[in-house]
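Novice:
There are 2 protein chains.
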Amino acid sequence: MIRISIDAMGGDFGPEIVIPGLATALERHPDIRFVIFGREEEVKPVLDRFPTLAGSTFHHCDVAVRMDEKPSQALRNGRWKSSMWRSIEAVKTGEADVCVSAGNTGALMAMSKFCLRTMANVERPAIAGIWPTLRGESIVLDIGATIGADAQQLVDYAVMGAAMARSLFEIERPTIGLLNVGVEEIKGQDDVKDAARILREIPLPSLEYYGFVEGDDIGKGTVDVVVTEGFTGNIALKAAEGTAKQFAQYLRDAMSRTLMAKIGYLFAKGAFDRLREKMDPRKTNGGVFLGLNGVVIKSHGGTDALGFASAVDVGYDMARNKLLDKIASDLSHFHKSPVGVAFQGEAENDSEAEIEPQA
Amino acid sequence: MIRISIDAMGGDFGPEIVIPGLATALERHPDIRFVIFGREEEVKPVLDRFPTLAGSTFHHCDVAVRMDEKPSQALRNGRWKSSMWRSIEAVKTGEADVCVSAGNTGALMAMSKFCLRTMANVERPAIAGIWPTLRGESIVLDIGATIGADAQQLVDYAVMGAAMARSLFEIERPTIGLLNVGVEEIKGQDDVKDAARILREIPLPSLEYYGFVEGDDIGKGTVDVVVTEGFTGNIALKAAEGTAKQFAQYLRDAMSRTLMAKIGYLFAKGAFDRLREKMDPRKTNGGVFLGLNGVVIKSHGGTDALGFASAVDVGYDMARNKLLDKIASDLSHFHKSPVGVAFQGEAENDSEAEIEPQA
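Quick mapping for you: the protein sequence lines, in order, are chains C and S. Taken in order, the first sequence gives residues 1 to 359; the numbers are from our numbering. Taken in order, the second sequence gives residues 1 to 359; the numbers are from our numbering.
1) Looking at C-alpha atoms only, which residue of K44(C), M1(C), G14(C), G307(C) is the closest neighbour of A96(C)?
2) With DSSP collapsed to three states, give me the class of E208(S).
3) DSSP three-state call for I171(S): helix, strand or coil?
4) Sort out for me which residues DSSP pairs I4(C) with in a bridge.
5) Quick check on the DSSP output: the beta strand (DSSP E) that includes A268(S) runs from which residue to which?
6) Verify the CB distance criterion: does L237(C) have a CB-CB separation below 8 Å to chain S?
7) So which residues of chain S does V181(C) contact, with C-beta pairs closer than 8 Å?
8) Once DSSP output is grouped into helix, strand and coil, what is the label at S360(C)?
9) Smallest Cα separation from A145(C): which of G188(S), N121(S), I143(S), P30(S)?
10) Look at the alpha carbon of I218(S) and the alpha carbon of Q246(S), and state the distance between them as a whole number of angstroms.
11) Beta-carbon within less than 7 Å of R272(S)'s beta-carbon, same chain only, minus the 5 sequence neighbours each way: which residues are those?
12) Counting only the same chain and skipping the five closest in sequence on each side, list residues whose C-beta sits under 6 Å from that of R79(S).
13) Under the assumption that V98(S) contacts V91(S) (Cβ atoms under 8 Å), give the Cβ distance between them as a whole number of angstroms.
14) Identify the residues that DSSP records as bridge partners of L85(C): which are they?
15) Could you please give the first and the last residue of the uninterrupted beta strand (DSSP E) stretch that includes V223(S)?
16) Just to make sure I have the definition right: I need the residues of chain C whose C-beta is within less than 7 Å of the C-beta of A244(S). Which are they?
17) Check whether the segment 103-121 of chain S and the segment 131-142 of chain S touch, using three or more Cβ-Cβ pairs below 8 Å as the test.
18) Whole angstroms is fine: what's the gap from D350(C)'s alpha carbon to R117(S)'s?
19) So, are the CB atoms of V65(S) and K81(S) less than 8 Å apart?
20) With C-beta atoms as the reference, is R197(S) less than 8 Å away from Y209(S)?
21) If the cut is a Cβ gap below 8 Å, which residues of chain C does Q189(S) touch?
22) Using the rule of at least 16 other Cβ atoms within 10 Å of the residue's Cβ for burial, across every protein chain shown, is K336(S) buried or exposed?
23) What are the residues that DSSP puts in a beta bridge with E137(C)?
24) Taking Cβ positions only, does T303(C) come closer than 8 Å to chain S?
25) Could you check if Q249(S) is buried or exposed, using at least 16 other CB atoms within 10 Å of its CB as the buried criterion?
26) Could you tell me which chain C residues have their CB closer than 7 Å to the CB of R257(S), listed as they occur along the chain?
27) Tell me, to the nearest whole angstrom, how far the beta carbon of T232(C) is from that of I235(S); I am working on the premise that it is less than 8 Å.
28) Examine chain C for any beta-carbon lying closer than 8 Å to the beta-carbon of A347(S), and answer yes or no.
29) Consult DSSP for K298(S) and reduce its assignment to one of helix, strand or coil.
30) On the three-pair Cβ rule with 8 Å, is the segment 323-335 of chain S touching the segment 41-48 of chain S?
31) Considering only the beta carbon of each residue, do I32(C) and T57(C) sit closer than 8 Å?
32) So what's T118(S) in DSSP terms, helix, strand or just coil?
33) Under the assumption that A309(S) contacts G10(S) (Cβ atoms under 8 Å), give the Cβ distance between them as a whole number of angstroms.
34) Run down chain S in chain order and give the residues with a C-beta less than 7 Å from the C-beta of K278(C).
35) Considering just the uninterrupted stretch of the alpha helix (DSSP H) at G230(C), what are its terminal residues?
36) Does I202(C) come out as helix, strand or coil in the three-state DSSP assignment?
Right, dumping it as structure tokens:
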């Protein structure tokens, strides 16, 4: 059985999409037990419409974190008592194996850090996203937990991303690429070049270091895990999302302009439906907070029930495949290696310097 | 008359695509005069096939910079004598108004900096790219001239990008956005936040500062000019290119899978052709080096004659609209303003610190 704690008040639509999403996820994975947090008067009526969810536990919370609250505000108003806080806390107390929320990213990360704390050996948590590629799916991190990452933090991201790839794609030794502006060794930011040196020098059984990759390698699926710092990762992700929307718009315009195009569309409707399904962002919904003493999944705030169910699926896979144990053992393996120890000494620990997550 | 110097040996295919590209550009703009540099034995036979190019000047050069040469190597082997160097030098001596090359980016930037030098008040040159959007086209810079940019350099990019937008789109007061991970004022890298402060405080007649934009705003066309430092800009551009290729591949797969889809494709062929034309990367070929005492246009190395002609078109527009004068006057306007002067004092000039361009 996998126990998943749910912040039912998160997202643009709250329980109205969260609860139906849980019902969908439960159909796929009947061994889930949900622990749901939210305002009784809003959650219960929706919950009652889904008899399959009768096995879930429900906890009333007075406070719901708003989508526009700043992280510091959210902490002030919602610590200890909001549905967001209590769903995270359920992971800490062991009541749940993983937490899923569609609440605002900054608040969710701030509360997760405050409640769960970063793992030993990890300086900063990262948000890992699932990126559809020509080969299937890849993991990209950090997509916006913090701005800037030094070489050691990038290496930690690589180790954590590899553990996630093993949990999600069930491959033994995922390939890792460092995102850079060229594939030659002389190019790039110093931190990226230093991280490359470490990954080359420390052979890790849990991952295969591929080398540098460029922006267009992400969509090609050149590697299983793409590692970058949060500013660039966030912008790359959104630039790609923008391009996908642009293409979809061009296609819609082209197919509705002439009678011939409209007839063609009708014939090829099945193909267009498959294409739409393939491009559906709801299928890859679910950013994973890595590096904390507990797994928290962030769903898109604007998604629908199907999208929320995908985020729950991601949480299910992470818990079932014991992501946290994998990360802990891989990180300790790395930090015990001679180069890892030497390197660890070079860097200062600044995990507490950053209070407010940046995206 | 606009005089354009051409490095005929640049790109993956050299004169075989460069010369036909010139013929195409000349059809569109009969007032161009080309000054062509290259190996006589390779260029002349192709040139003879295009009688319309008879009015061009040709200069033989023994040396051609290879596509895989490092900037330092290219400078050592090709300075004073390569077709790349001499086509840039033609801009310096006044023989040409603008230079176009499909040669390797690093070498072309290194030679351009060495030969033309950065403009007064500019610390670092930038490469500006043309990005197709839902509203038309936008300019994005820096897409890879250097890694990192401080607040003042970002402001210089804004001023230079605005001058380019006025030259290319012929709008009076282009809108400028700073690329960031959120639109709230508290978010982002310190340099980006400082640049925002300066752009807000110094009203410039040549541009309208919009605020922060996110990755997906580029494709939406939210602003005319998107400003970012070169590492992020390069990765965002390539991530978007990767997504466009991915979408095109999905579409091809979908349209060839079933008989119905194939029939639909035949009906809608006109629409698909228009879509292909809309997405054609050759139409937006041509990165503009900004911040040097002369304009150099970098064409994609792998493009064909049509793509090279687009790069020549960009050069033509830049020269005809006196881009360099616009930049010089806008920059001096900014640096003479009280805030500009105060700010200028804070920053050190590191224009010569970076010898090797990074992408």
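Note that the Cβ used here is the ideal one computed from N, Cα and C, for glycine as well.
Specialist: Here's the rundown:
1) Nearest Cα to A96(C) within the set K44(C), M1(C), G14(C), G307(C): M1(C).
2) Look at E208(S) here: in three-state DSSP terms it is strand.
3) In the structure shown, the three-state DSSP call for I171(S) is coil.
4) Bridge partners of I4(C): F34(C), V98(C).
5) No beta strand (DSSP E) contains A268(S), which DSSP labels as neither H nor E.
6) True, the Cβ-Cβ gap to chain S drops below 8 Å.
7) Residues of chain S passing the Cβ test: G144, I147, G230, F231, N234, I235, Q358, A359.
8) The structure shown does not extend to residue 360(C), since chain C is modelled only from 1 to 359, so the question has no answer here.
9) Of G188(S), N121(S), I143(S), P30(S), the residue nearest in Cα terms is G188(S).
10) Between I218(S) and Q246(S), the alpha-carbon positions lie close to 18 Å from each other.
11) Residue identity check: residue 272(S) is Phe in the sequence provided, not Arg. Taken in chain order, the residues that qualify are Y265.
12) The residues W85, in chain order, have a CB closer than 6 Å to that of R79(S) in the same chain once the five nearest residues on each side in sequence are set aside.
13) The C-beta separation of V98(S) from V91(S) comes to about 7 Å, placing the pair in contact by the 8 Å criterion.
14) Residue 85(C) is actually Trp in this sequence, not Leu. None, per the DSSP bridge assignment.
15) Where V223(S) is concerned, there is no enclosing beta strand (DSSP E), given that its DSSP letter is neither H nor E.
16) Close to A244(S), with beta-carbon spacing below 7 Å, are these residues of chain C in chain order: T243, F247.
17) Note that the segment 103-121 of chain S does not touch the segment 131-142 of chain S; fewer than 3 beta-carbon pairs, one per stretch, sit closer than 8 Å.
18) In this prediction, D350(C) has a pLDDT of 38, which is less than 50 and means its spatial position is unreliable; nothing more can be read from the coordinates.
19) Not closer than 8 Å, so no.
20) Between R197(S) and Y209(S), the C-beta spacing is not below 8 Å.
21) Here the neighbours are I147, G148, F231.
22) When all chains shown are included, K336(S) counts as exposed.
23) DSSP lists P132(C) as partners of E137(C).
24) At a cut-off of 8 Å, the C-beta of T303(C) has no neighbouring C-beta in chain S.
25) Exposed is the call here.
26) When 7 Å is used as the limit between beta carbons, R257(S) is near these residues of chain C: A271, in chain order.
27) Separation of the CB atoms of T232(C) and I235(S) is rounded to 5 Å, and the pair is thereby assigned contact status at 8 Å.
28) Since pLDDT at A347(S) reaches only 43, below the 50 mark, its modelled position is unreliable, and no value is offered.
29) Three-state DSSP puts K298(S) in a strand.
30) The segment 323-335 of chain S is not in contact with the segment 41-48 of chain S.
31) No Cβ-Cβ contact shorter than 8 Å links I32(C) with T57(C).
32) The answer is strand: DSSP assigns T118(S) an E or B state.
33) Going by Cβ atoms, the distance from A309(S) to G10(S) rounds to 14 Å, so no, they are not a contact pair.
34) Near K278(C) (Cβ distances below 7 Å), the residues of chain S are Y250.
35) For G230(C), the enclosing alpha helix (DSSP H) has its first and last residue at 230-257.
36) Reduced to three states, the DSSP call for I202(C) is coil.
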